[in-house]
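Student:
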Amino acid sequence: MNADKNVTAELRAKVTLNVGVSGAPGSVTVATYGTCTTADGSAATCPFSIDTGDTVTLTAKPKSPAIFAGWSGCPDAQGNVGTLKVNASTNVSAAFDFND
0 MNADKNVTAE LRAKVTLNVG VSGAPGSVTV ATYGTCTTAD GSAATCPFSI
50 DTGDTVTLTA KPKSPAIFAG WSGCPDAQGN VGTLKVNAST NVSAAFDFND
């Protein structure tokens with residue numbers, strides 16, 4: 000019990016992922032980190048502290064009667080779900096619109 004022990008720790012720097020929501024009421028959930036919401040359609044930006052190199056899953060969810068209109072800054076997206084590898088401070092946003 001008194002013998003020397005070797006311990007290894009991996010320390011990764013944190014970077015900021017700024018998530019924007021705009022156009023109409025909706026939200027973006029950043030899996031395991033939280034949710035950014037606008038209830039009235041006014042623009043909102045939420046900063047999340049992410050470990051450098053993490054890949055996050057983003058899910059956009061419109062609030063009825065709004066519809067999801069698209070992503071900006073999330074090149075690997077299919078519909079309202081996208082993934083993003085965060086190697087540096089990054090901005091991503093989801094646009095919502097009203098279904099006319």
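Residue numbers for the sequence shown follow numbering that gives the first Met the number 0, beginning at 0 and rising by one.
Where a beta carbon is used, it is the ideal one built from N, C-alpha and C, also for glycine.
Everything numeric in this text was worked out from a predicted model, so none of it was measured.
#1: How should LEU57 be labelled, buried or exposed, when 16 other C-beta atoms within 10 angstroms of its C-beta is the threshold for buried?
#2: Looking at the structure shown, is ALA38 part of a helix, part of a strand, or coil, going by DSSP?
#3: How big is the Cα-Cα spacing for THR89 and THR54?
#4: Count the other CB atoms within 10 Å of the CB of LEU10; is the residue buried (16 or more) or exposed (fewer)?
#5: Express the C-alpha separation of LYS60 and ALA23 in angstroms, rounding to a whole number.
#6: In the DSSP assignment, the beta strand (DSSP E) including LYS13 goes from what residue to what residue?
#7: I want to know whether the stretch 80-99 touches the stretch 15-31 - three or more CB-CB distances under 8 Å.
#8: On the DSSP bridge assignment, give the partners of VAL29 in chain order.
Tutor: So, to answer that:
#1: Buried: at least 16 other Cβ atoms inside 10 Å.
#2: coil
#3: 12 Å
#4: exposed
#5: Going from the Cα of ALA23 to the Cα of LYS60 covers about 11 Å.
#6: 13-21
#7: yes
#8: GLY33 and LEU57
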